[in-house]
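Below is one structure; the comments refer to it alone.
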Amino acid sequence: MSYLCDSFNTKTGITHMIGIIDCTHIKIEKPKNAREYCNPKGYFSIILQATIDANLRFTNVFCGEPGSSNCARVLKKSPLYNTATQNRNSLFPHNTFLVGHSGYPSLPWLMPPFRENKRLTPQQREFNALHTSTRKLSDKAFSLLKGRFRRIKQFTVYRNIAFITDTVVAACILHNYCLNENDHLEEHE
Numbered sequence: 001m002s003y004l005c006d007s008f009n010t011k012t013g014i015t016h017m018i019g020i021i022d023c024t025h026i027k028i029e030k031p032k033n034a035r036e037y038c039n040p041k042g043y044f045s046i047i048l049q050a051t052i053d054a055n056l057r058f059t060n061v062f063c064g065e066p067g068s069s070n071c072a073r074v075l076k077k078s079p080l081y082n083t084a085t086q087n088r089n090s091l092f093p094h095n096t097f098l099v100g101h102s103g104y105p106s107l108p109w110l111m112p113p114f115r116e117n118k119r120l121t122p123q124q125r126e127f128n129a130l131h132t133s134t135r136k137l138s139d140k141a142f143s144l145l146k147g148r149f150r151r152i153k154q155f156t157v158y159r160n161i162a163f164i165t166d167t168v169v170a171a172c173i174l175h176n177y178c179l180n181e182n183d184h185l186e187e188h189e
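For the sequence shown, counting from 1, position 166 maps to 166 in UniProt numbering; every step adds exactly one.
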């Protein structure tokens, strides 16, 4: 745990942080219950929620929720949320936490940025700036994942949601393995 905190502190200047939480859409063909899977950008998708460490590894993944869901709703359906709510110290000991974008709720173990208004203190503004630059790591991790395993950018043939979900989770595991083996791929978007 201290390794995760130290890695983020070195890269971002934020102490007690052990990861970033974010979601990305995985494009799919029109499913039977199409309306539920149509995301705000107008295409059909499932959502991959992931926590990401400072070295772009996925430390927790939850996949398969319909594309019409927002990140906060996906979080509340995830095993991560259930475990953290029932036994926070098992996942987030010593006041450690994740950072997430403003669509996430503020929880003892999850810090979104401070709401922008004219009353933010200089420290809160500085935290928001660090927060924004830190969250770019999640974009980079998702970009690397989709660049390395291009099939997950769009599932055009497969319609079985369980199969697609399993494939995406497997890609996350293989992504971590590749990073562990120093097989670094340039970003593709």
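Where a beta carbon is used, it is the ideal one built from N, C-alpha and C, also for glycine.
DSSP-derived helix/strand/coil call for residue i
| i | result |
| --- | --- |
| valine 99 | strand |
| histidine 131 | helix |
| leucine 48 | strand |
| leucine 107 | strand |
| valine 157 | coil |
| glutamate 187 | With a pLDDT of 48 at glutamate 187, under the threshold of 50, the modelled position of that residue is not reliable, and the figure given next carries that caveat. In the structure shown, glutamate 187 sits in coil (DSSP, three-state: anything other than H, G, I, E or B). |
| phenylalanine 58 | strand |
| lysine 27 | strand |
| glutamate 65 | strand |
| aspartate 53 | coil |
| isoleucine 164 | helix |
| isoleucine 152 | helix |
| isoleucine 14 | coil |
| glycine 147 | helix |
Residue i classed as buried or exposed, judged by whether at least 16 other C-beta atoms fall within 10 angstroms
| i | result |
| --- | --- |
| histidine 131 | buried |
| glycine 103 | exposed |
| cysteine 71 | buried |
| threonine 24 | buried |
| tyrosine 177 | exposed |
| serine 69 | buried |
| lysine 41 | exposed |
| arginine 150 | exposed |
| tyrosine 3 | exposed |
| serine 106 | exposed |
| arginine 148 | buried |
| serine 78 | buried |
Reference residue i; option with closest CA among the options
| i | options | result |
| --- | --- | --- |
| glycine 100 | Asn128, Lys11, Glu181 | Asn128 |
| valine 168 | Lys77, Val61, Ile18 | Val61 |
| aspartate 22 | Thr59, Ala34, Phe163, Phe149 | Thr59 |
| valine 157 | Leu120, Glu29, Phe142 | Glu29 |
| asparagine 39 | Ala54, Asn55, Pro66 | Pro66 |
| arginine 135 | Pro31, Met17, Lys32, Leu120 | Met17 |
| arginine 88 | Pro79, Lys153, Trp109 | Trp109 |
| residue 200 | Ser45, Thr10, Thr12, Ser143 | Residue numbering for the chain in the displayed model covers 1 to 189; residue 200 lies beyond these limits and cannot be assessed. |
| glycine 19 | Leu144, Asp166, Pro112 | Pro112 |
| aspartate 139 | Asn55, Arg159, Pro79, Asn117 | Asn55 |
| glutamine 154 | Asn182, Glu126, Tyr43 | Tyr43 |
| glycine 64 | Arg159, Glu181, Asn180, Gln124 | Arg159 |
| alanine 141 | Arg119, Pro122, Leu179, Gln86 | Leu179 |
| glycine 13 | Glu181, Glu116, Gln123 | Gln123 |
Proximity below 9 Å, CB of residue i to CB of residue j
| i | j | result |
| --- | --- | --- |
| leucine 75 | threonine 83 | no |
| residue 192 | isoleucine 26 | Because the chain is modelled from 1 through 189, residue 192 falls outside the range shown and cannot be assessed. |
| residue 213 | histidine 175 | With the chain running from 1 to 189 in the structure shown, residue 213 is simply not present. |
| aspartate 53 | phenylalanine 114 | no |
| asparagine 137 | alanine 171 | For the record, residue 137 in the displayed sequence is leucine; it is not asparagine. Contact: no. |
**OP:** Report yes or no: do three or more beta-carbon pairs, one from the segment 44-54 and one from the segment 82-97, lie closer than 8 Å?
**Re:** no
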